[in-house]
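One structure is given below, encoded as structure tokens.
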Amino acid sequence: MSKLPLKLLMAGGAFFAVTFTVYFFNLDMKLTSKIEPLLIKHYDTMPRNTYL
Amino acid sequence: MAKEIGKDRLGDFFAEGSRVRSRREWRGLKDTLYDYSRWLGIMFTLAKFVAKPRNVKAMFRYRWMANYLAVPMMVDRHTQGLRGEYLRICHIEQDLIIEDVAKLLDSLFRGDRRIGNDEEFSKKVVLVDENEMTAVMMGFPTLKGLSRETPSTYISVLLNQRAACHYIDVAQQFGLAGDVCPMPEAEAGVSIDDDAPVLGACAIQCNTTCDGSMLGNGVISMRLELKDGIPCFQLAAPLRHREDDVQEYAAQEIRNAIAFIEDKTGEKWDWNYYFECAKRVNIATKNRLNWLEMNKTDYPQVFGSNLALYTETNYMAICGKVPAFVKADEKITALAEQAYKAKKRAAKEYRHRAIVWGVQSHFYMDFLAWLLNCWGIVPLTDMLSMVSTRELVEEDTPENREQAYYDMAWLTENMIMRNRTHGGYKVLLDELWEFCEEFNADMVILWEHMSCKALDGMHGQFEAKAREHGIHLVWVSHDLFDPRVVSRQGVREQINNYMRTVMREEPLDPTLEVLPDEESW
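Top to bottom, those sequences are chains A and B. Position 47, counted from 1, in the first sequence is what my numbering calls 82; the numbers after and before it change by one each time, with no gaps. Position 106, counted from 1, in the second sequence is what my numbering calls 298; the numbers after and before it change by one each time, with no gaps.
Structure (structure tokens):
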């Protein structure tokens with residue numbers, strides 16, 4: 036019974052450590068800035084019905 | 193890394209050629225944990241959004257969706273340097289706007305013929321302009337008034353300074369004039385480039401805010417009506433909106449727009465819902481006036497982008513239809529009053545009290561935070577926040593039902609920006625100096641949007657009046673949506689030059705004076 040809160044506490048601690056590191060070092064934005072050029076490349080090759 | 197306001201060197205977070213900042217701020221334990229918890233909340237909102245396959249499909253279909261990768265960074269830009277109540281006010285606003293835009297995107301893609309193709313839902317959608325008070329939707333509880341331009345262009349440029357460049361180029365490749373406002377031009381570019389979601393029973397376009405907006409509406413409505421089969425109503429609000437003799441015409445335009453929506457959707461106007469929304473608009477006005485009163489004192493509380501971006505959203509897109517904004521208003525007021533009583537300030541030094549006038553550059557909305565952090569210039573209020581102050585009728589009586597058409601017409605005529613760029617020199621020029629006196633301002637930061645003819649025509653008049661009133665007038669030229677014409681540093685240089693050469697002052701935070709953010713989102 037006492038192991039469950041301990042596990043929860045450890046999981047919570049690990050979640051905090053990982054997400055706070057991502058938050059503080061702006062790793063989320065650093066990752067998404069790498070995705071953007073790939074998306075732009077994809078949009079550039081899409082067929083479109085472009086007209087006025 | 194500092195807990196105290198103004199101790200950080202905020203410019204150190206920028207790196208040459210980088211899209212993003214090196215890290216987030218340390219604001220002391222309490223404020224950092226608060227900011228982190230709000231960041232987690234934003235991540236949760238984004239995760240909920242991408243959990244729906246149709247939204248992922250839309251991400252790969254629409255070029256402007258790539259800008260939404262930068263959502264957390266937009267919030268970081270507006271919270272820079274903030275602590276305590278100011279940080280919390282900013283998050284209450286920004287997080288709510290993010291949630292609201294996520295819902296807007298989700299609804300657009302649900303009805304979009306290319307993505308979700310929910311035909312029953314689409315029949316309940318009325319497309320509205322981005323630059324339009326959505327007052328005519330205040331009596332249709334079962335309909336959804338959705339703007340395609342808000343997420344594709346307006347929000348996109350707040351997220352990524354270069355978001356509109358592709359669409360501006362597309363419009364100009366098809367021969368559209370290059371010297372009109374890049375906002376409607378980019379909106380037209382989205383339509384030409386086949387990059388706008390296709391949905392809705394009908395659309396309401398409005399003749400706001402300028403010749404460029406007429407250009408954009410023409411191009412967009414042609415595609416909507418002729419290709420997509422979506423009928424459009426052109427809501428033509430009068431130009432001289434302060435004159436009594438145009439008000440009956442303006443009210444009739446509202447009646448016509450409502451009749452058009454009823455005809456195309458089969459829904460009926462609901463007065464109960466209208467008066468509910470009117471009450472909420474009045475609450476928003478009451479709170480905003482309270483914030484403006486505080487800003488007239490030595491301890492302004494809700495100002496800068498905390499005032500500007502929120503006011504635009506609350507009046508134009510929301511217009512009383514979303515109860516969550518009332519709760520946000522109340523929380524903001526409580527925080528502002530708490531900080532006011534404690535005589536708190538958002539920066540270590542307030543050197544100048546400024547009114548920010550003109551149409552601000554959307555690719556550099558966080559300029560207001562920069563003014564405060566770099567030079568100690570307090571942007572007390574801005575032109576776009578000086579919107580409706582009138583109380584709408586909110587009790588359902590036969591007389592008030594008639595008055596309600598005039599109230600909706602008033603809101604539409606006085607759409608943010610339109611209420612100053614239309615209506616003549618009195619609303620654009622004369623009232624500025626009245627506000628300077630009311631707010632005890634010693635400086636005007638005048639955004640000169642070079643494609644906005646209504647503003648540019650008054651250049652000399654502004655200078656003459658500023659001299660007459662003994663007010664420091666600082667011009668800031670820009671091209672609204674196009675940072676290739678005037679960059680963010682180009683904007684900053686204009687202030688830097690004035691502050692150094694005319695005012696002979698040194699910056700509060702010298703690391704902010706020149707920033708390598710040319711490639712930044």
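We treat Cβ as the ideally placed atom computed from N, Cα and C, and that holds for glycine.
By Cβ distance, which residues of its chain are closer than 6 Å to B:F627, with the 5 residues on each side in sequence left out?
Within the same chain, B:F627 has close Cβ partners I547.
Skipping 5 residues on each side, what residues in its chain have a beta carbon closer than 6 Å to that of B:G303?
Hits under 6 Å: D310, F313, S314, V317 and L391.
Note down, in chain order, each residue of its chain lying with its Cβ closer than 6 Å to the Cβ of B:D420, except the 5 sequence neighbours on either side.
Only V390 meet the Cβ criterion.
Name the residues in the region 52–65 of chain A whose C-beta lies less than 8 Å from a C-beta of chain B; which are they?
So the list reads T54, F55, Y58, F59, F60, N61, D63, M64 and K65, given in the order they occur along the chain.
Is it true that the CB of B:A658 sits closer than 7 Å to the CB of B:R545?
Result no, Cβ atoms of B:R545 and B:A658 do not sit closer than 7 Å.
Hey, is A:L74's beta-carbon within less than 7 Å of any beta-carbon in chain B?
Chain B contact via Cβ: present.
Within 10 Å of its beta-carbon, does B:I234 have 16 or more other beta-carbons around it, so buried, or fewer, so exposed?
Label assigned to B:I234: buried.
Distance cutoff 7 Å, beta carbons only. Does A:T80 sit that close to anything in chain B?
No, A:T80 lies away from the interface with chain B (no Cβ there is under 7 Å from its Cβ).
Report, in whole angstroms, the separation of the C-beta atoms of B:A539 and B:L564, which I expect to be a contact under 8 Å.
Contact holds; Cβ gap of about 5 Å.
For chain A, check one thing: does any of its Cβ atoms lie closer than 7 Å to the Cβ of B:M406?
It does not: the Cβ of B:M406 has no partner Cβ on chain A nearer than 7 Å.
Where does B:K513 land, buried or exposed, given buried means 16+ other C-beta within 10 angstroms?
Flag for B:K513 reads buried.
From the beta carbon of A:L43, is the nearest beta carbon of chain B less than 7 Å away?
False, the Cβ-Cβ gap to chain B never drops below 7 Å.
Would you decide whether B:Y441 is buried or exposed? Buried here means 16 or more other CB atoms lie within 10 Å of its CB.
Under this definition B:Y441 is an exposed residue.
Within this structure, are the beta carbons of B:T573 and B:N487 separated by less than 7 Å?
It is a contact, given that the beta carbons lie within the stated cut-off.
As a quick exercise: from B:K645, B:G496, B:F555 and B:K478, pick the residue whose alpha carbon is nearest that of B:L714.
Any answer about residue 714 of chain B is impossible in this case: the structure gives chain B only from 193 up to 713.
Which whole runs of the alpha helix (DSSP H) in the region 599–644 of chain B are 4 residues long or more, in chain order?
Listed in chain order, the complete alpha helix (DSSP H) runs (minimum 4 residues) inside the region 599–644 of chain B are 610–613 and 623–630.
Report the option in B:D321, B:H641 and B:I524 whose CA atom is closest to the CA atom of B:C424.
Considering only alpha carbons, the answer is B:D321.
Runs of 4 residues minimum, wholly inside the region 199–283 of chain B: which ones carry the alpha helix (DSSP H) assignment?
The qualifying runs are 221–242, 245–253 and 263–271.
Quick one: is B:F236 buried, meaning 16 or more other Cβ sit within 10 Å of its Cβ, or exposed?
Classification for B:F236: exposed.
Closer than 7 Å by beta-carbon distance: list the chain B residues that pair up with A:S68, in chain order.
Under the 7 Å cutoff, chain B gives R211 and V212.
Can you grab the Cα-Cα spacing for the pair B:K141 / B:S299, in whole Å?
Nothing about residue 141 of chain B can be reported from this structure: the residues present for chain B run from 193 to 713 only.
What's the call for B:S580, buried or exposed, on a 16-neighbour Cβ count within 10 Å?
Under this definition B:S580 is a buried residue.
Give the secondary structure of B:H358 by DSSP, where H, G and I count as helix, E and B as strand, and everything else as coil.
Note: B:H358 maps to helix in three-state DSSP.
Just to confirm, is the Cβ distance from A:M64 to B:V494 under 7 Å?
No; because the gap between Cβ atoms is not below 7 Å, this pair is not in contact.
Would you mind listing the beta strand (DSSP E) stretches within the region 652–701 of chain B that are 3+ residues and don't spill past its ends, in chain order?
Runs of the beta strand (DSSP E) inside the region 652–701 of chain B: 664–670.
By the DSSP assignment, the beta strand (DSSP E) with B:C394 in it spans what residues?
Counting along the chain, the beta strand (DSSP E) containing B:C394 begins and ends at C394 to C398.
At a cut of 8 Å, does the region 635–646 of chain B reach the region 611–622 of chain B through at least three beta carbon pairs?
Touching, per the Cβ criterion.
Taking B:L232 as the query, report the chain A residues whose CB atoms sit under 9 Å from its CB, ordered along the chain.
What B:L232 touches in chain A: T54 and Y58.
Given that B:P264 touches chain A, what residues does it touch there, using C-beta distances under 8 Å?
Within chain A, the residues near B:P264 are D63 and M64.
Would you please verify whether the beta carbon of A:L87 is less than 7 Å from any beta carbon of chain B?
Yes, A:L87 lies at the interface with chain B (some Cβ there is under 7 Å from its Cβ).
Answer with yes or no whether the minimum CB distance from B:Y491 to chain A is below 7 Å.
Not one chain A Cβ lies under 7 Å of B:Y491.
Quick check on the DSSP output: the beta strand (DSSP E) that includes B:F495 runs from which residue to which?
Looking at the DSSP string, B:F495 is not in any beta strand (DSSP E), and its letter there is neither H nor E.
Is the separation between the beta-carbon of B:A601 and that of B:I446 shorter than 7 Å?
Against a cut-off of 7 Å, the Cβ pair of B:I446 and B:A601 comes out as a contact.
Going by beta carbon distance, what residues of the same chain come within less than 6 Å of B:I663, once the five residues before and after it are set aside?
Contacts found: C628 and V636.
Classify B:H614 as buried or exposed, calling it buried when 16 or more other Cβ atoms lie within 10 Å of its own Cβ.
The residue is buried, with at least 16 neighbouring Cβ atoms inside 10 Å.
Please report the Cβ distance between B:T604 and B:A327, rounded to the nearest whole angstrom; I am assuming they are in contact, meaning their Cβ atoms lie under 8 Å.
Yes, they are in contact, since the Cβ atoms of B:T604 and B:A327 sit about 6 Å apart, within 8 Å.
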